[in-house]
Amino acid sequence: MKLIGISGSLVGWKTNVLIHEVLTAAKTYDENIETELIDLRDYDVEFVQGSPLAYYNEDTFKVVNKILSADFLVIGSPIYQASISGALKNLLDHLPIDAFKGKVTGMVTTAGSANHFLVSEYQLKPILSYFKGIVPTTSVFSNDDSFNEVNEIIDPNVSDRIQKLAEEMIHLQKGLNGKNS
Ligand SMILES: Cc1cc2nc3c(=O)[nH]c(=O)nc-3n(C[C@H](O)[C@H](O)[C@H](O)COP(=O)(O)O)c2cc1C
Numbered sequence: 137m138k139l140i141g142i143s144g145s146l147v148g149w150k151t152n153v154l155i156h157e158v159l160t161a162a163k164t165y166d167e168n169i170e171t172e173l174i175d176l177r178d179y180d181v182e183f184v185q186g187s188p189l190a191y192y193n194e195d196t197f198k199v200v201n202k203i204l205s206a207d208f209l210v211i212g213s214p215i216y217q218a219s220i221s222g223a224l225k226n227l228l229d230h231l232p233i234d235a236f237k238g239k240v241t242g243m244v245t246t247a248g249s250a251n252h253f254l255v256s257e258y259q260l261k262p263i264l265s266y267f268k269g270i271v272p273t274t275s276v277f278s279n280d281d282s283f284n285e286v287n288e289i290i291d292p293n294v295s296d297r298i299q300k301l302a303e304e305m306i307h308l309q310k311g312l313n314g315k316n317s
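This is the structure:
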């Protein structure tokens with residue numbers, strides 16, 4: 137099973153760190169799980185302009201196809217203006233409507249303050265559900281206080297939720313795969 141993590145920040149590193157930790161936890165829980173972190177700053181994903189996918193640049197084509205080939209995904213975003221990042225939303229705009237059918241799609245968000253902890257529930261979750269993703273009951277939210285100055289996670293609750301999210305995602309995905317086979 138391949139688990140892909142997406143980090144939707146082009147600015148700092150907290151989203152990347154959180155997604156990396158979820159992937160590490162998943163691998164620790166089940167060493168057979170293959171993981172890959174897609175950090176959007178590493179790819180030149182073009183703005184959606186209505187063309188078929190093949191007309192976009194190589195990076196856009198590559199990232200979309202990586203996402204479609206994943207068995208399950210964990211999607212991370214910084215909170216920008218009380219919402220998900222524009223970079224992540226643009227990537228999601230490239231996907232077909234059944235992109236996450238039969239796939240578990242975990243949510244990870246990080247914000248400056250604790251005020252926006254429900255953004256994933258009210259904004260990211262409906263998008264993932266629209267793509268037919270199965271969203272776990274556990275999600276991860278952090279804010280600036282969850283990290284030290286070198287972007288290490290210092291909040292044990294965040295670390296705990298990362299473990300719980302990884303475990304729940306694997307359980308759910310294995311259940312779905314068993315049902316479909
Ligand atoms: C353009 C922009 C908008 C932001 N808007 C919010 C916001 O509405 N609420 C909030 O709590 N933090 C906001 N922040 C802070 C980021 O969510 C926070 O610094 C986050 O941890 C950055 O993640 P990163 O290190 O992965 O880039 C904003 C930051 C930027 C750059």
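Taking our numbering, the leading residue of the sequence shown gets 137, the next gets one more, and so forth. Glycine included, each C-beta is placed from N, C-alpha and C at the ideal position. The model shown is predicted, which means the values in this text are computed figures rather than measured ones.
Beta strand (DSSP E) containing residue i: first to last residue?
i           : result
residue 143 : 138-143
residue 209 : 208-214
residue 318 : Any property of residue 318 remains undetermined from this structure, which presents the chain solely from 137 to 317.
Please tell me whether, using a cut-off of 7 Å, the distance from the CB of residue i to the nearest non-hydrogen atom of ligand 1 is below it.
i           : result
residue 252 : yes
residue 142 : no
residue 249 : yes
residue 265 : no
residue 331 : Given that the chain is displayed from residue 137 to residue 317, the structure contains no residue 331 and the question cannot be resolved.
residue 148 : yes
residue 179 : no
residue 280 : yes
residue 145 : yes
residue 284 : no
Restricting to Cα atoms, I'd like to know which of the options is closest to residue i.
i           : options            : result
residue 203 : 225, 235, 226      : 235
residue 228 : 200, 168, 165      : 200
residue 261 : 285, 225, 299      : 225
residue 240 : 295, 313, 232, 256 : 313
residue 249 : 230, 281, 270      : 281
residue 148 : 207, 185, 212, 196 : 212
residue 253 : 286, 267, 216      : 216
residue 187 : 232, 268, 150      : 232
Please list the terminal residues of the continuous alpha helix (DSSP H) segment that includes residue i.
i           : result
residue 166 : Note, residue 166: premise wrong, no alpha helix (DSSP H); not H, not E.
residue 205 : 194-205
residue 262 : 261-266
If you reduce the DSSP assignment to three classes, tell me which class residue i lands in.
i           : result
residue 245 : strand
residue 317 : Low confidence applies to residue 317: its pLDDT is 43, below 50, so where it sits in the model is not reliable enough to give any reading.
residue 187 : coil
residue 172 : strand
residue 290 : coil
residue 219 : strand
residue 240 : strand
Could you confirm whether any beta carbon from chain E is found closer than 8 Å to the beta carbon of residue i?
i           : result
residue 282 : Included in the structure is just one protein chain, with no chain E present.
Report the CB separation of residue i from residue j in whole angstroms; it is logged as a contact under 8 Å.
i           : j           : result
residue 272 : residue 242 : 5 Å
residue 278 : residue 154 : 6 Å
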